[in-house]
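Some notes on the structure that comes next.
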Amino acid sequence: ATLEGAITANGSPPSLAEIKGSSSTLEGQSFFSTTARQDGYYHIENLVPGTAWVEVTARAGDAELRRNFNVELTAGYATQLDVPFETTSGVSGFVSGLKPDDVGQVLALPGHVEVDTSTSEAVLDLDRIKTGECDIGEDGAFSITGLEPGPYTLVTLVFAGEADTGDDVFDSLRIAAHPVTVPNAGEVQRYVAEYPAVF
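Spelled out as structure tokens, the structure:
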């Protein structure tokens, strides 16, 4: 089977686009991956027919965009999967209660999801599934641009500035998670979140 299509961000090819996925066979999992050409086009041949999980990741400016799909692959045919990202919306807000030496980030996770922060590994995994991020300013302000309209969970990660080892950093970690909905770019260019993070 063949999978092909075009990846765009705001109507133009992204600076980088990666396509990867897997399909189940009687022998186990079959994996595939490729990188789109400079014009955003990709073409993957010799795939195992059946239902495949496909993840498309694109870089557009400072934004890292990600979407997942379930695609039916048919032997002898080319399945078309075009992915047009629109990144003209964003989210901004304010994190309160920061101490003078605190440092932190805000991550945008796709969808309204439960966030597992029980272990350092779980916190590190958040970075793998994020679609956007930014550092928190000294005044507590943050702004993530380049998001597609839709639901997100914003995760604030704040660390003590003097923490210098892995254990100290994790022990000093304070986390807040809030669901938001980024509106269509045609309605509002930037969504300002009410973000009463309690630390």
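Note that this note's numbering has the sequence shown beginning at -13, numbered continuously upward.
The beta-carbon is built from N, C-alpha and C at its ideal position, and this holds for glycine as well.
Pair within 8 Å by beta-carbon distance, residue i and residue j
{"i": "Leu51", "j": "Ala(-13)", "result": "no"}
{"i": "Ala(-5)", "j": "Thr73", "result": "yes"}
{"i": "Val57", "j": "Gly126", "result": "no"}
{"i": "Ala38", "j": "Leu12", "result": "no"}
{"i": "Thr43", "j": "Glu4", "result": "yes"}
{"i": "Asp68", "j": "Gly7", "result": "no"}
{"i": "Val99", "j": "Thr139", "result": "yes"}
Beta-bridge partners of residue i, as assigned by DSSP
{"i": "Gln66", "result": "Glu(-10)"}
{"i": "Ala162", "result": "Thr142"}
{"i": "Thr167", "result": "Pro137"}
{"i": "Val89", "result": "Phe145"}
{"i": "Phe80", "result": "Ala127"}
{"i": "Ser187", "result": "Since the first residue of the chain shown is -13 and the last is 185, residue 187 is not available in this structure."}
{"i": "Ser201", "result": "Here the chain has residues from -13 to 185 only, and residue 201 is not among them."}
Assumed close pair residue i, residue j - CB separation to whole angstroms, cut-off 8 Å
{"i": "Arg45", "j": "Pro(-1)", "result": "No, Arg45 and Pro(-1) are not in contact; Cβ-Cβ is about 11 Å, not under 8 Å."}
{"i": "Pro137", "j": "Gly83", "result": "Between Gly83 and Pro137 the Cβ distance is about 26 Å, and since that is not below 8 Å, they are no contact."}
Are three or more beta carbon pairs between the stretch 86 to 98 and the stretch 129 to 143 nearer than 8 Å? yes
If you scan the stretch 106 to 137 from start to end, which runs of the alpha helix (DSSP H) of 4 or more residues do you find wholly inside it? 106 to 115
May I have a chain-ordered list of the beta strand (DSSP E) segments no shorter than 3 residues that lie completely inside the stretch 0 to 72? 2 to 11, 14 to 21, 27 to 30, 36 to 46, 49 to 59, 64 to 66, 69 to 71
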